[in-house]
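Presented below is the structure to which this report refers.
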Amino acid sequence: MVFKAPTGSGKTFMMAKMIDQMISLNEGNPKKLFFIIATPSSAELPRQFYNKLNDYKSYLDNKDLKIELVESPSSSNKKGDQSYHLEPEENKIMIFGKSSFGKKRIFTKQGVIDALFDEVRRM
């Protein structure tokens, strides 16, 4: 799903409410829900998104929603020789910036994103 609207129009809140409703509607279903949010920006936008979603938790029915900000090791001071693993969990949101994906990115080179999707399929 793609959300496009001007800054300050409530996209993050709408997304939080949509995810909240999906979790509520899925209650009792053996299929588990896991959410990935990929922002078009790598700099401050993912962190803003993370902060806003945490702020909006008080307006949601599912206040135990887990929210994780995933910072790409390609865009930080971390070394490429480290091993990375992303853990999907039921009713969890993972937020990525665009620098997490692409040919010369550590997550891509190490197959971290592919492994995440494989784990999601097994949920």
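When the sequence shown is numbered by our numbering, its final residue is 1360 and no position is left out of the sequence of numbers.
All C-beta atoms, glycine included, are put in the ideal place defined by N, C-alpha and C.
Please read all numbers here as calculations on a predicted model, not as lab measurements.
Residue i classed as buried or exposed, judged by whether at least 16 other C-beta atoms fall within 10 angstroms
{"i": "S1313", "result": "Low local confidence applies: a pLDDT of 49 at S1313 is under 50, so the model's placement there is unreliable, with the coordinate-based value given in what follows. It is exposed - the Cβ of S1313 has fewer than 16 other Cβ atoms within 10 Å."}
{"i": "D1257", "result": "buried"}
{"i": "R1342", "result": "buried"}
{"i": "P1310", "result": "buried"}
{"i": "F1344", "result": "buried"}
{"i": "S1261", "result": "exposed"}
{"i": "H1322", "result": "exposed"}
{"i": "S1337", "result": "buried"}
Check whether residue i and residue j have beta carbons under 9 angstroms apart
{"i": "I1332", "j": "A1275", "result": "yes"}
{"i": "P1283", "j": "L1302", "result": "no"}
{"i": "K1335", "j": "S1278", "result": "yes"}
According to DSSP, residues forming a beta bridge with residue i
{"i": "E1305", "result": "M1331"}
{"i": "F1272", "result": "I1330"}
Of the residues the options, the one placed nearest residue i, counting alpha carbons only
{"i": "L1297", "options": "M1252, S1336, K1346", "result": "M1252"}
{"i": "F1286", "options": "K1248, E1327, K1340", "result": "K1248"}
{"i": "V1325", "options": "L1262, V1239, I1273", "result": "Inspection of the sequence shows that residue 1325 is occupied by Pro rather than by Val. Closest option to P1325, Cα to Cα, is I1273."}
{"i": "I1304", "options": "H1322, E1281, Q1319, F1271", "result": "F1271"}
{"i": "M1360", "options": "A1352, I1350, E1327", "result": "E1327"}
{"i": "K1259", "options": "R1358, E1356, N1299", "result": "Looking at the sequence provided, one finds Met at residue 1259 rather than Lys. Of the candidates R1358, E1356, N1299, the one whose C-alpha sits nearest the C-alpha of M1259 is N1299."}
Q) Is the segment 1284-1293 close to the segment 1265-1272, with three or more CB pairs under 8 angstroms? A) No: fewer than three Cβ pairs fall under 8 angstroms.
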